[in-house]
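Everything in the sequence shown is counted per my numbering, starting at 410 for the first residue and increasing by one.
Each residue gets a CB set at the ideal place from its N, CA and C atoms; glycine is no exception.
Note sheet for the following structure.
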Amino acid sequence: MALRFFNTYSRELEEFEPRDPKRRKIDIYTCGPTVYSRAHIGNFRAYIFEDLLQRHLELRGYKVHRVMNITDVDDKTIRGAREAGVPLSEFTAGFKKTFFEDIETLRIKRADEFPAATDQRYIDKMIEMISTLISRGLAYQAEDKSVYFRINKFPDYGKLAHFDLTQLQSTGRVKHDEYDKEHIGDFALWKAWDEEDGEVGWESPWERGRPGWHIECSAMATALLGDQIDIHCGGVDNIFPHHEAEIAQSEGCTGKKFVRYWLHCAHLLVDGQKMSKSLGNFYTLGDVLEKGYTGREIRYALMRVHYRAPLNFTWDGMKEARESLGRIDDWLERLREAAGDKMVGTTRRGARSAQGADATSQFEGALDDDLNISAALGFLFETIRETNRAMDRNEFDAASANAWLNWWERADSVLMISDSENEIPPEVLKLAKAREQARLAKDWRKSDELRDELSTRGWEARDTKDGQKITRRAGA
Ligand SMILES: [Zn+2]
């Protein structure tokens with residue numbers, strides 16, 4: 410089946426066709442963190458969804474070039490720096506560092522580029538875009554010296570959010586008095602400096618000031634990926650006004666369709682409620698780690714529900730995630746044992762390995778269908794039940810076990826939920842195989858040498874009546 414995604418712009422499931430099908434190269438832009446505090450688990454739900462998307466596209470043979478911006482200047486970062494009494498760059502540096510540690514913990518692949526809004530290169534690009542918009546009549550400088558986008562001059566404004574212009578309410582991101590603007594929905598492209606900005610500000614053709622949040626993304630996206638992007642992602646919160654504004658600014662400058670597919674991740678609720686500090690249900694990644702959960706457990710818990718459905722985070726859900734991963738770990742352990750050279754029970758070579766191809770198409774087919782993770786995981790656990798039953802009945806041979814292990818390796822390149830602590834690295838497996846061969850040839854010296862070699866790598870080879878067993882050396 411072809412890949413298809415739900416495009417927020419059309420509100421339809423659309424077959425995915427990259428901009429340039431021959432190159433099989435895809436550009437993805439994902440809105441990144443605003444570094445004024447540590448990101449919360451709702452943010453990470455969106456980043457994990459984007460990671461799943463990238464990894465699945467790569468599994469399907471696409472080369473993905475992904476950009477994620479870092480918003481390191483806006484109202485919140487400026488306020489935070491002022492309250493902390495430190496320069497803006499110093500204030501944001503700590504949260505940037507934590508962000509990179511957090512995505513590593515959650516096994517999220519790093520984007521190819523992480524442009525920061527305060528980089529002079531992008532400030533220049535923002536100023537250039539704003540100048541173009543003014544020259545085309547799409548922007549104007551108001552009495553308060555700030556520059557605003559004139560939404561009435563952009564007929565498509567509201568198409569992404571499916572909004573009627575006449576129903577527009579204030580966007581909340583604009584802090585200046587409304588009478589300065591021509592329309593309540595006009596949003597700031599350039600905010601004139603005021604006292605609260607302190608040291609923060611850049612010279613511009615209008616007034617010393619700073620960019621609005623929306624223009625930051627339009628400038629960084631087009632500077633790094635060109636005028637047109639295959640996929641743009643974010644949380645549903647970003648649809649309006651942020652992404653709507655990105656379209657207006659980018660298309661207003663280039664005259665070309667900015668994004669082919671808009672993908673948005675639904676909300677994360679905690680105990681059925683919107684996360685908020687006042688309700689005491691606001692969790693950063695650190696809060697969940699402190700309760701003793703690991704990065705992979707949190708990744709699994711945040712990934713297992715389809716990205717367009719709201720996800721309810723609960724501590725019971727975290728326990729379930731741990732149990733589910735335990736079942737996968739046990740299953741893999743059994744498969745690895747069965748895949749050793751010995752046979753488990755009667756040999757029906759190939760009888761079940763034929764399932765490998767079918768399994769691949771079922772699992773990957775589910776992900777092709779708008780990243781239907783629930784169906785993909787449903788298939789995984791059904792498989793675990795069936796193969797465990799077959800192993801219980803001794804109707805499973807080494808070839809079948811190997812076929813499933815190979816299948817898992819491919820599936821886990823997208824899921825990234827293996828217990829890497831207990832996973833046997835390929836080079837260790839190779840040494841273990843060589844040692845088994847040596848023992849079969851009764852070459853005891855070689856066998857001992859290989860045992861020592863395994864030991865120095867932190868693995869122990871034990872010889873049991875069922876053959877050789879490889880485990881992590883105690884204390885290694
Ligand atoms: Zn953005």
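Quiz item: So, is ASP813 buried or exposed, given that buried needs 16 or more other C-beta atoms within 10 angstroms?
Solution: Sequence inspection shows Trp at residue 813; the Asp mentioned does not correspond to that position. Buried is the call here.
Exercise. Give the straight-line distance between the Cα atoms of LYS665 and ARG432, rounded to the nearest whole angstrom.
Key: Answer to the nearest angstrom: the Cα atoms are 21 Å apart.
Self-check item: Neighbourhood of PHE415 by C-beta distance below 8 Å, restricted to the same chain and skipping five residues each side
Solution: Answer for PHE415: GLU421, LEU422, GLU423, LEU672, ARG717 and ASP779, listed in chain order.
Quiz item: With DSSP run on the structure shown, which of helix, strand or coil describes ASP639?
Solution: DSSP places ASP639 within a strand segment (E or B) once states are collapsed to three.
Quiz item: The alpha helix (DSSP H) with THR541 in it runs from where to where?
Solution: Start and end: 529-544.
Quiz prompt | Beta-carbon contacts of ALA654 that lie in its chain and below 6 Å, excluding the five residues immediately before and after | solution = Excluding residues within five positions, the ones whose Cβ falls inside 6 Å are PHE596 and HIS623.
Practice problem: Could you check the C-alpha separation between ARG882 and GLU862 for me, to the nearest Å? | Solution: The alpha-carbon atoms of ARG882 and GLU862 are separated by roughly 12 Å.
Quiz prompt | Neighbourhood of LEU542 by C-beta distance below 6 Å, restricted to the same chain and skipping five residues each side | solution = Around LEU542, the same chain offers ALA548 and GLY661 as residues with beta carbons nearer than 6 Å, after the five sequence neighbours per side are excluded.
Quiz item: Can at least three beta-carbon pairs, one atom from the stretch 783-791 and one from the stretch 482-493, be found at a separation below 8 Å?
Solution: Under the 8 Å Cβ criterion, the stretch 783-791 does not count as touching the stretch 482-493, having fewer than three qualifying pairs.
Quiz prompt | Cα-Cα separation between LYS562 and GLY546, rounded to whole angstroms | solution = LYS562 and GLY546 have their C-alpha atoms spaced approximately 8 Å apart.
Practice problem: With DSSP collapsed to three states, give me the class of MET800. | Solution: Per DSSP, reduced to three states, the secondary structure at MET800 is helical.
Practice problem: Run the proximity test for GLU655: is its beta-carbon closer than 7 Å to any non-hydrogen atom belonging to ligand 3? | Solution: By its list of ligands, the structure shown excludes ligand 3, since it contains just ligand 1.
Quiz item: With distances taken from each beta carbon to the nearest heavy atom of ligand 1, which residues come in below 5 Å, in chain order?
Solution: Residues with a Cβ closer than 5 Å to any heavy atom of ligand 1, in chain order: CYS440 and CYS626.
Quiz item: Roughly how many angstroms lie between the CA atoms of GLU426 and PHE500, to the nearest whole one?
Solution: C-alpha separation (whole angstroms): 42 Å.
Practice problem: Ignore the nearest five residues each way along the sequence and tell me which others in ASP821's own chain have a CB closer than 8 Å to its CB. | Solution: Taken in chain order, the residues that qualify are SER827.
Quiz item: Straight-line CA distance for ILE539 to SER555?
Solution: Near 11 Å, if we compare the C-alpha coordinates of SER555 and ILE539.
Self-check item: Backbone CA spacing between TRP868 and SER856 [nearest angstrom]
Solution: Their backbone Cα atoms lie some 14 Å apart in a straight line.
Practice problem: Enumerate in chain order the residues of its own chain whose CB-to-CB distance from ARG705 is below 6 Å, with the five nearest sequence positions on each side excluded. | Solution: Non-local C-beta neighbours of ARG705 in its own chain, meaning closer than 6 Å and more than five positions away in sequence, comprise ILE826, ordered along the chain.
Quiz item: Does the stretch 714-728 come within contact of the stretch 672-684, defined as at least 3 CB pairs closer than 8 Å?
Solution: Yes: at least three Cβ pairs fall under 8 Å.
Practice problem: Could you check what DSSP says for CYS674 in three-state terms: helix, strand or coil? | Solution: Three-state result, CYS674: strand.
Exercise. Count the CB pairs spanning the stretch 523-533 and the stretch 639-649 that are closer than 8 Å, and state whether there are at least three.
Key: Counting Cβ pairs under 8 Å, fewer than three are found: no touch.
Quiz item: Of all the options LEU468, ARG619 and ARG731, which has the alpha carbon lying nearest to the alpha carbon of GLU605?
Solution: It is ARG619.
Quiz prompt | Spatially closest choice to ARG617 from GLY689, GLY695, ASP553 and ASP565, by CA coordinates | solution = When each option's Cα is compared against that of ARG617, the closest is ASP553.
Quiz prompt | Cut-off 6 Å between Cβ atoms - residues of its own chain near ILE532, not counting five sequence neighbours on either side | solution = Result list for ILE532: TRP611, in chain order.
Quiz prompt | Cβ shell of HIS585 (< 7 Å), same chain only, five flanking positions each side left out | solution = At HIS585, the pLDDT of 49 sits below 50, so the modelled position is not reliable and the matter cannot be decided from this model.
Exercise. Determine the burial state of LYS686: buried for a count of at least 16 other Cβ atoms within 10 Å of its Cβ, exposed for fewer.
Key: The residue in question, LYS686, is exposed, as its Cβ has fewer than 16 Cβ neighbours within 10 Å.
Quiz item: What are the boundary residues of the beta strand (DSSP E) that includes LYS518?
Solution: Neither: LYS518 is in no beta strand (DSSP E) and is coded neither H nor E.
Practice problem: Run the CB neighbour count on GLY643, radius 10 Å, all protein chains shown included, and call it buried at 16 or more, exposed below. | Solution: Buried, because 16 or more other Cβ atoms sit within 10 Å of the Cβ of GLY643.
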